[in-house]
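Following: one structure in structure tokens, then a few remarks.
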Amino acid sequence: MSEPRPHARNRERPALAIRGLTVDFKRRGGDLRAVDQVSLDVWPKEIVGVIGESGSGKTMTALSAMRLLPYGAKVSGTIELGGRDILSLDEAGMRGLRGDRIVLIPQDALQALNPTMPVGRQVGEPYEFHRKLSWRRAAEKVIDLLRAVKIADPEIRAREYPHQFSGGMQQRAMIATGLALDPELIIADEPTTALDVTVQARILKLLREIRDQRGSAIMFITHELGIVAELCDWVYVMNGGRVVEDGPVARIFGAPRADYTRMLLAATPSIHKRKERPR
Amino acid sequence: MSAVARKSFNWRRWRLVVTGGAIVGVILFLAVFAPVISPYSPIDLDVTQMLRGPSAAHLLGTDELGRDVLSRVIHAARLSMMVAILASLIGLVFGTIIGTLAAYFGGAVDLVLMRLMEILFSFPAILLAIVLMASLGTSILNAMIAIGIIFIPGFARLARASAESVLRQQYVEQARAIGMSHFRIVTREILPNIVAPLLVEAAVAFSYAVLLESALSFLGLGAQPPDPSWGNMLNTGRGFMAQAPWLSLAPGAAIFLTVLGFNMLGDGLRDAFDPHLRDE
């Protein structure tokens, strides 16, 4: 650990603690190492950014924490969710945590919603099978959830189907599903990539409010540095399956230590700098 | 394309569905209300009226035992519809269960289930039906079961292929991510998304069931006399082809119209739901 984090001193327990995580995929002609000795902490009430280019292992790290890696992945290291070792859990035990203590907010919300079911029904699903609430009781809570993620007219909207929602609202609905059972950890895997910039800003604001009001820990995976700078408290920079650097946001952007981080920062186009381009 | 043009009814797209649906509707109506509609009893004999040609009293003539052919054809529609509905249902339900499980669990489950289906598929349908009838015994209920079993592999393949493409969708992955059980994923995420192609297939299976039932009854393996069935009517009519052609023509035409109607409906639905053909 490069810098001390304030949480460690408060004798808190991290929401997510990954130590020495390595993920291999069997391939003909040798294994493919997708994640290499990654250690990472997400503390309660903290928004942690994980940045890196495509294929840097950030999504694989997140999927490891959900235990949703594609078939054939070999995992070593330890992953603790609120002190529970999740790699030793059986599938049924893990299923009990997913959608309850740890949730995933996906990249493309429309793709992640079942087109044949009203949105409200889908948002309420965690209540039905994690809390065994009746459909009617769940439906009441869904209205509150949709209101919490600022969907107007939640009573009407809950009965509509995903295609009747705009992109931003679909993502809000996905976030609502995630919030249903007050999870310890929310993993957001590029949740704003499919959205335009103004909608994106509102979703980020919503995530920040969620952290402030509910105290959830959020792991935010993205390759957009602007979002990280605006939203996150702590940043991990990944490249080639490894964490090359981590630190508080201001320091990573102000005084990057790893060469890769400097390259990443320099690669961001700016409207102020004018770069020579080959014609 | 303007919004108005898109909203207006596209006759070209729906003509098969409408025509097929109309034929099917009439046949279903006749089948349901057969006792009310048919002018005579389908089984009462009248030795004074044997082998009479079409007339005002008997629109489609009478058979070798003096029974009204029209009444028999209408009553036979009942039986055919019942067989077709139940056989398609058996094929649809079991085929969907098998195909979905094979797609969902993959691996050994997939291998075993689909190989079993292929074994069933490798027999000619009518031969398999005869074998099944021989082992189950001749009755109309067993005919339904036999025809249903013949349909299972077709539905299983279609269900498997459809379920595989749904399984790759992100909402199934998301269902896992919120901790849904296998049963819940299959019943709430997969099944609702594969019913459309399966229902189209059911309409096609329906016409095939009518044909198979007629074939079995023709061979004496389906409906037993005196119960009227288009198949056994054809078989009886065969002997009187020269003197009383209406005996064969009436049930033959009924089979033809029913199969045509259901095929038009099935093909029409398939085309109407096919997004590739939509903007023609």
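Line by line, the protein sequences give chains G and X.
If you want my numbering, it's the 1-based position in the first sequence plus 6.
If you want my numbering, it's the 1-based position in the second sequence plus 758.
Virtual Cβ for every residue (Gly too), placed ideally from N, Cα, C.
Predicted, not measured: the structure shown is a model, and the values here were computed from it.
- Between residue 259 of chain G and residue 231 of chain G, the C-beta gap is smaller than 9 Å, which places the two residues in contact.
- The alpha carbon of residue 908 of chain X has as its nearest neighbour, out of X:877, X:772 and X:941, the alpha carbon of X:877.
- Among the residues facing chain X, residue 269 of chain G is not included, as its CB has no counterpart in that chain under 9 Å away.
- For residue 120 of chain G, the secondary structure class from DSSP, reduced to helix, strand or coil, is coil.
- With contacts defined by Cβ atoms closer than 9 Å, residue 31 of chain G and residue 942 of chain X do not form a contacting pair.
- Under the DSSP assignment, residue 240 of chain G falls in the beta strand (DSSP E) whose first and last residues are 240–245.
- According to the DSSP assignment, residue 28 of chain G belongs to the beta strand (DSSP E) that extends over 22–31.
- In this structure, the alpha-carbon of residue 912 of chain X lies about 18 Å from that of residue 867 of chain X.
- Spatial neighbours of residue 160 of chain G in its own chain (CB-CB distance under 7 Å, excluding positions within 5 residues in sequence) are listed in chain order as 149, 152 and 153.
- Distances from the alpha-carbon of residue 89 of chain G to those of G:101, G:108, G:254 and G:56 put G:108 closest.
- Shown here for residue 975 of chain X: same chain residues with a beta carbon closer than 6 Å to its own, the five before and five after excluded, namely 981, 987, 989 and 990 in chain order.
- Going by beta carbons, residue 875 of chain X and residue 921 of chain X fall outside the 9 Å limit.
- Scanning X:777, X:940 and X:1028 for the CA closest to the CA of residue 862 of chain X turns up X:940.
- At least 9 Å separates the CB of residue 21 of chain G from every CB of chain X.
- Listed by position along chain X, the residues whose Cβ is nearer than 7 Å to that of residue 136 of chain G are 937.
- Taking 9 Å as the threshold, the shortest C-beta distance from residue 933 of chain X to chain G falls below it.
- Taken atom to atom, the span from the alpha-carbon of residue 50 of chain G to that of residue 855 of chain X is near 44 Å.
- Against chain X, a Cβ distance below 7 Å from residue 102 of chain G picks out 937.
- Considered as a whole, the stretch 971–1014 of chain X harbours no complete run of any beta strand (DSSP E) with no fewer than 3 residues.
- For the pair residue 968 of chain X and residue 979 of chain X, the Cα-to-Cα distance works out to about 14 Å.
- Residues of chain G with a Cβ closer than 8 Å to the Cβ of residue 929 of chain X are, in chain order, 117, 118, 119, 120 and 121.
- Distance from residue 936 of chain X to residue 105 of chain G at the Cβ level is roughly 3 Å; contact confirmed, criterion being Cβ atoms closer than 8 Å.
- According to the DSSP assignment, residue 55 of chain G belongs to no alpha helix (DSSP H) but to the beta strand (DSSP E) extending over 53–57.
- Around the beta carbon of residue 188 of chain G, fewer than 16 other beta carbons sit within 10 angstroms, so the residue counts as exposed.
- The Cβ atoms of residue 114 of chain G and residue 183 of chain G do not sit closer than 9 Å to each other.
- Residues of the stretch 178–197 of chain G with a C-beta atom less than 7 Å from some C-beta of chain X are 183, listed in chain order.
- In the three-state scheme derived from DSSP, where H, G and I count as helix and E and B as strand, residue 84 of chain G is classed as strand.
- The Cβ atoms of residue 826 of chain X and residue 796 of chain X sit closer than 9 Å to each other.
- Inclusion of residue 927 of chain X and residue 180 of chain G in the CB contact set at 9 Å is not warranted, their separation being larger than that value.
- Where residue 43 of chain G is concerned, the enclosing beta strand (DSSP E) starts and stops at 38–48.
- For residue 112 of chain G, the nearest CB of chain X lies under 9 Å from its own CB, placing it at the interface with that chain.
- With a cutoff of 9 Å on beta-carbon distance, residue 168 of chain G and residue 119 of chain G are scored as near each other.
- Residue 800 of chain X is not bridged by DSSP to any residue.
- Residues of the same chain with a CB within less than 8 Å of the CB of residue 68 of chain G, apart from the 5 flanking positions on each side, are 56, 110, 193, 195, 225 and 227 in chain order.
- With fewer than 16 other Cβ atoms inside 10 Å of its own Cβ, residue 769 of chain X counts as exposed.
- Below the 8 Å Cβ cutoff, chain X contributes 935 as neighbours of residue 72 of chain G, in chain order.
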